[in-house]
């Protein structure tokens, strides 16, 4: 896609966003409602879930939040937008909007159905700014480490099984027919495994969104390769994918949406 540099590094992918291009803007316009509400429900009533309504609802959720939360929301949105372009083999079964209220979505950031319909993948997104004295590589590594630890904790927590309830609801909003049934069966199985004190098979998409001026320091391919090696060496996941995105201002995507909302 124009304005982006994509470096595929085995189980890792590095994306440097240099410009919010017309192609990227067009992709957001075409797909934003599906990301936020779910592709299936939007296809059934496209006029109700219009782009304009979706942008307005996003801003109502986004604007009252503190800065750190806004960074997180922006990073997660960018990951939602880019995943279908970067990993076509993983079919998203999660919606971006929290369904109950205009707060941060509870539960898993992302869930995916594997291409052969027999695997469920769980995703966690962490976003942040590079602070003084740190490099972009160090920030990316820290974000992925937090994402991995958070996901491992969630996939073994018997006290908050409601996150699987939310994931099951999402499948009805995002997937059709056999895909939806497969995803629900897999999610129910994992939920029951955790409920009974067992260990689920962990397949993970770990994403880190780094906000920092590209002219100062940039996440490197070598840095991402080290992150991938560390994730694999941990032994926590049967399969894993690492996605690192850097942009001078992740919120630039949000400002583009704001311009459209006020147009």
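Residue numbers (the numbering used here): 30 to 292.
Don't be surprised by glycine CBs; every beta carbon is placed ideally from N, CA and C.
Computed from a predicted model, the values in this text were never measured in an experiment.
Residues sharing a beta bridge with residue i, DSSP
i	result
residue 104	According to DSSP, residue 104 bridges with nothing at all.
residue 237	155 and 273
residue 111	Residue 111 pairs with nothing; no bridge assigned.
residue 38	41
residue 201	For residue 201, which the question treats as bridged, DSSP gives no partner whatsoever.
residue 33	46
residue 150	141
residue 99	Answer is none; residue 99 lacks a bridge partner.
residue 268	232
Start and end residues, beta strand (DSSP E) containing residue i
i	result
residue 91	No beta strand (DSSP E) contains residue 91, which is instead part of the alpha helix (DSSP H) from 80-91.
residue 46	41-46
residue 162	No beta strand (DSSP E) contains residue 162, which DSSP labels as neither H nor E.
residue 252	Premise fails: residue 252 lies in the alpha helix (DSSP H), 250-263, not in any beta strand (DSSP E).
residue 243	That residue, residue 243, is in no beta strand (DSSP E); it is neither H nor E in DSSP.
residue 121	119-121
residue 137	That residue, residue 137, is in no beta strand (DSSP E); it is neither H nor E in DSSP.
Endpoints, the alpha helix (DSSP H) within which residue i is located
i	result
residue 206	206-224
residue 60	51-66
residue 188	Looking at the DSSP string, residue 188 is not in any alpha helix (DSSP H), and its letter there is neither H nor E.
residue 291	281-291
Exposure of residue i, with buried meaning 16 or more beta-carbon neighbours within 10 Å
i	result
residue 253	buried
residue 97	exposed
residue 262	exposed
residue 172	buried
residue 81	exposed
residue 153	buried
residue 76	exposed
residue 41	buried
residue 67	buried
residue 211	buried
residue 192	buried
residue 138	buried
Residue i vs residue j beta-carbon contact at 7 Å
i	j	result
residue 159	residue 168	yes
residue 235	residue 177	yes
residue 156	residue 104	yes
residue 203	residue 122	yes
residue 136	residue 63	no
residue 108	residue 276	no
residue 31	residue 55	no
residue 225	residue 190	no
residue 120	residue 215	no
residue 250	residue 48	no
residue 315	residue 239	Lying outside 30 to 292, the shown extent of the chain, residue 315 is not represented and no answer is given.
Close Cβ partners of residue i (< 7 Å) along its chain, the five nearest in sequence each way excluded
i	result
residue 65	83, 87, 124, 125 and 126
residue 295	Any question about residue 295 goes unanswered here, given that the chain covers just 30 to 292.
residue 213	197 and 200
residue 209	200 and 201
residue 283	91 and 103
residue 94	102
residue 242	277
Own chain partners of residue i with C-beta closer than 6 Å, once the 5 adjacent residues on each side are dropped
i	result
residue 289	84
residue 273	43, 169, 237, 248 and 253
residue 222	229
residue 101	156
residue 106	none
residue 184	229 and 231
Same chain, Cβ closer than 8 Å to residue i, five either side skipped, listed in chain order
i	result
residue 118	143 and 144
residue 38	250, 253, 254 and 257
CB contact check: residue i to chain D, cutoff 7 Å
i	result
residue 99	No chain D is present in this structure, which holds just one protein chain.
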